[in-house]
Structures are given as C-alpha cells and as structure tokens.
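Top line first, the protein sequences correspond to chains W and G.
Take the first sequence: its letters are residues 322 to 507, numbered as in the working numbering.
Take the second sequence: its letters are residues 322 to 507, numbered as in the working numbering.
For glycine and all other residues, C-beta sits at the position ideal for the given N, C-alpha and C.
There are 2 protein chains.
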Amino acid sequence: MKVTLGAKNCLYPTPSTLVGANIHGKPNYITVAHVGIMNQVYISLSIAKRRYTNAGILENQTFSVNIPSVGMVEKTDYCGLVSGKDIDKAKLFETFYGKLETAPMIKECPVNMECRLIQTIDFQERNIFIGEIVETYSDDECLTEDVVDLSKVQPILFVMINRSYWKLGQQFAKAWSIGKNVKSPD
Amino acid sequence: MKVTLGAKNCLYPTPSTLVGANIHGKPNYITVAHVGIMNQVYISLSIAKRRYTNAGILENQTFSVNIPSVGMVEKTDYCGLVSGKDIDKAKLFETFYGKLETAPMIKECPVNMECRLIQTIDFQERNIFIGEIVETYSDDECLTEDVVDLSKVQPILFVMINRSYWKLGQQFAKAWSIGKNVKSPD
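Here it is in structure tokens:
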C-alpha cells in the first residue's frame, strides 16, 4: 500500500565528498554530499552561502572534489561539523596541487577531481557551483584495467533521510545491456 | 601512487530513477541517473534535449521521479534504451497520478516523488530540470518508524565509469555524529 509522506527527498544515496578550495591562499576542505551530475564532464555542488568555502571558490574560480574511502569516515564527517573559520582542517590531510594550481586536493583520498568553476547559481540560501572537471587523479591501486574501480575506492555513501553513511554493495548488472532482455510491450 | 586519467567523472554511484511525464496526455517513463540534489526539497535531472520526455516536462511543468528496486533492473535499463516516440513504455507498469494530476508515477516503484518544474537550465546538449518535490509516496513495507528505509527500497545504483548497476551496501556510521571522535587539529 502507498502512503504519503509530504515532500521528502529520497534521491539517495549520494557520494560523500571533501571539497577543497584555497581561502586567502590557504587550503580548506568541507564535506559535501549534495552533489549532482550535469554530464560526463560537468558536476554541481550545493553549499550553503554561510559556509567559509564559498569565498574561496568564488575568489579562485577553482575547487577540487575528493572522494574519501570508508576508512576516512570520521574525518569526512568532521569536515562538515566544523568551520574553516575556526579550525585549520588542512592539518588533517596531506595536500597536493595540480594543473590549476589553486585547487587543493587530498592525497589520502583515492580519487580527486580538479575543477574549474564555470557557473554559480544563486539558489535561495545556497550557492550551486557548476564545475568542469579538468583533471582526475587516482591512486593506482584503485584502478582495474586503467579505469577507476569503485569496489576498490570504497566511497562513503550519504543518506540524508536518516542521517547515515552506507557502503557500496555489489555490482550486479551491466547498464545499456541488461534491458535488452525486455520484450517490447507494443 | 597517484596517476592522472584526464577529465574523468568519478562522482558515482547515483540512484537510478525512472522519470515520468505526460506527453500529449499519455504517460511516458525514461531512465535518468544523472541527477542532483540542491537542498532537501529541490532536485535536478539532466536529460539530453533530443529525448522525447523533454516536451512533456515543459508542457505540463510537472514530472515524477520514481525509485525502482534491484528486481526492476531489466525494465529500468530498458526505459533508457528505447524512446517513447517508438514504444509505449507505460505498458510495462501500472501508472497512478497524485495531487499535480499530470505527473504519472509507477506503482511498482517503492518510492515516488511528485515534482513541480521550477527552472530549466539550457546546458549545452542537455536540459537541466530543477524540480520542487511536492509529495512523496512510499510503499508502507519500505518504511522503518515512518521513514523511508533504503535497505528495504533496495535502489539500483548507477556507475557510469564502467556502465554498471550496483546494490547499496550496509549502513555503517551516523552522519553529523561520528566526526565528533576527531580531535581538533589546532
């Protein structure tokens, strides 16, 4: 039986990320799981305007999206609990820079996407930052046949509905493929 | 060791959805996994402009986002392989309507979000549709203490990197909580 719940967002899980930006020339990281995909090269981040990170992204027009592993869940959650105004969160990690030079990335995260800001949407209390991925870095041990393998990355999946983190389960089907088993209904 | 991969989008997994829209007064469904979250009530969908669904969303200013379970993977994949121009995909499912009256929803999907279109972003070859969730419907057996429980929903997670579908794994930590174990680095 269907029940109505009011307007409840159930579009989960999403991958938890640590977003890096330089602020006044120093690296800072914030936890962001309200992300989106526009296409294969463009992604979106939703960050409350009051957060410290926004000024850095707007100043440099660059940011990074770092994918932490399940073993980093405490630090990942922590970076969403405290502000870079008060705490130097970069001390928790080893930072490296890439070709854009102003987007700090976290070495301990198995995957890092270096992004150029291409558009900012003013959306109520939030900024939606749309970024173009310009380079992706991966730990070599997280690749299978030169492609990032999420079973090795072990991303931290976020579910807002009950404020929890989940692991990725098993791969069980191929996309653009298993649907061919369906007989046309016409 | 870090290796560079070029601009590779690794912001996965995302939940696979079946997006419903009326087109010329008839229900149609399309598979969409390039989704995003703006905040707790607003979500985004990225759909190629050439797809049949776009006209229906723009005509009615409404759409639905249906969350299929792993057992529906064949039909879910199929709805991304064929066009509503050619095939009456609504025949695959039982359709119901809610308060907006023009956003068809799939009864077999355990969770359905009924949305009002609030903004369309013209983004290269794609439309980014931003919707406000106005009502959420759930099968009662997918709730735990009146809240949607993703371990019961069993969503189909999409990973574009290797064109595959994955299951959700175990819940392993509480958000806005486990980070309190981290000692301040300052």
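Taking C-beta separations shorter than 7 Å and ignoring five residues to either side along the sequence, the partners of I378(W) in its chain run A342, F384, L438 and F450, following chain order.
Along the segment 351-378 of chain W, the positions whose C-beta sits under 7 Å from a C-beta of chain G are H355, V356, G357, I358, M359, N360, Q361, V362, I364, S365 and S367, read in chain order.
The three-state secondary structure of Y399(W), taken from DSSP, is helix.
According to the DSSP assignment, G377(G) belongs to the alpha helix (DSSP H) that extends over T374 to N381.
Listed along the chain, the chain G residues whose CB falls inside 7 Å of the CB of F444(W) are M359.
Residue range Y363 to A369 is occupied by the beta strand (DSSP E) that includes L366(G). With a cutoff of 9 Å on beta-carbon distance, D461(G) and K329(W) are scored as not near each other. Of all alpha-carbon atoms in R447(G), K370(G), K347(G) and V391(G), the one lying nearest the alpha-carbon of E422(G) is that of K347(G). A residue is called buried when at least 16 other Cβ atoms come within 10 angstroms of its Cβ; T465(W) does not meet this threshold and is exposed. Taking the beta carbon of V391(G) as reference, the chain W residues within 8 Å of it are F493, listed in sequence order.
Distance from V386(W) to V455(W) at the Cβ level is roughly 12 Å; contact not present, criterion being Cβ atoms closer than 8 Å. For C463(G), the CB contacts under 8 Å within the same chain, skipping 5 residues up- and downstream, are P431, V432, V469, D470, K473 and V474 in chain order.
DSSP places L471(W) in the uninterrupted alpha helix (DSSP H) bounded by L471 to V474.
Each residue's CA atom was taken as its position, placing I388(G) and S337(G) some 7 Å apart.
Rounded to the nearest angstrom, the Cβ distance from N483(G) to N375(G) is 28 Å, too far for a contact under 8 Å. Within the segment 476-487 of chain W, the residues whose Cβ lies closer than 9 Å to any Cβ of chain G are, in chain order, P476, I477, L478, F479, V480, M481, I482, N483, R484, S485, Y486 and W487. Collapsing the DSSP output to three states places C463(G) in a helix. Boundaries of the beta strand (DSSP E) harbouring Y486(W): S485 to K495, taken from the DSSP string. In chain order, D398, F479, R484, S485 and Y486 make up the part of chain W whose C-beta sits under 7 Å from the C-beta of A496(G).
DSSP links I454(W) through a beta bridge to C436(W).
Contact of L489(W) with chain G is assigned, a C-beta pair being separated by under 9 Å. Between the C-alpha atoms of W497(G) and N381(G) there is a straight-line separation of about 39 Å. When beta bridges are read from the DSSP output, V353(W) appears opposite T338(W).
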